[in-house]
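Below is one structure; the comments refer to it alone.
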Amino acid sequence: MWHERVLPSGPERIRFWTVLRGSLLPILVWTGVACIAYVVYNLVVATTLGGLFALAFTVRFGLRRRARHSVRCSVYGALGGVLAKSMVW
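Residue numbers for the sequence shown follow our numbering, beginning at -15 and rising by one.
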């Protein structure tokens, strides 16, 4: 297969920086929208947007913990999942 050299042969520990680097575009989009909301509207709108992100993260974290994932796996998965799903719309 063409991707054999890129993908690891088995499970590997993923570092937090890897999750952030892989999610750079969604992070920039969330930050940009929050900054524009702050400049155009006010702090309340930007804070509400941050609260929606925090709520989505908390729900995803809880679902992963309920599925018996470790805390580290839950944090990384929740962050990556929220950022990935936010780019779908």
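Yeah, the Cβ is synthetic: ideal placement off N, Cα and C, and Gly gets one too.
| task | Please go through the same chain and pick out, in chain order, the residues whose beta-carbon is closer than 8 Å to the beta-carbon of P10, but skip the five residues on each side of it. | result | Walking along the sequence shown from the start, residue 10 turns up at place 26. Same-chain partners within the cutoff: L67, A68, S70, M71.
| query | If you count every other CB in all the chains shown that lies within 10 Å of the CB of G46, and 16 or more means buried, which is it? | reply | Here residue 46 refers to the residue found at position 62 of the sequence shown. It is exposed - the Cβ of G46 has fewer than 16 other Cβ atoms within 10 Å.
| request: Enumerate in chain order the residues of its own chain whose CB-to-CB distance from K44 is below 6 Å, with the five nearest sequence positions on each side excluded. | output: Translated into positions along the sequence shown, residue 44 becomes position 60. The question names Lys, yet the displayed sequence has Arg at residue 44. Closer than 6 Å at Cβ, skipping near neighbours: A62, G65, V66.
| said: Given this structure, state the Cα-to-Cα distance separating I(-2) from Y25, to the nearest angstrom. | reply: Residue numbering aside, residue -2 sits at position 14 when the sequence shown is read from its first letter. Residue numbering aside, residue 25 sits at position 41 when the sequence shown is read from its first letter. The straight-line gap from Cα to Cα measures roughly 38 Å.
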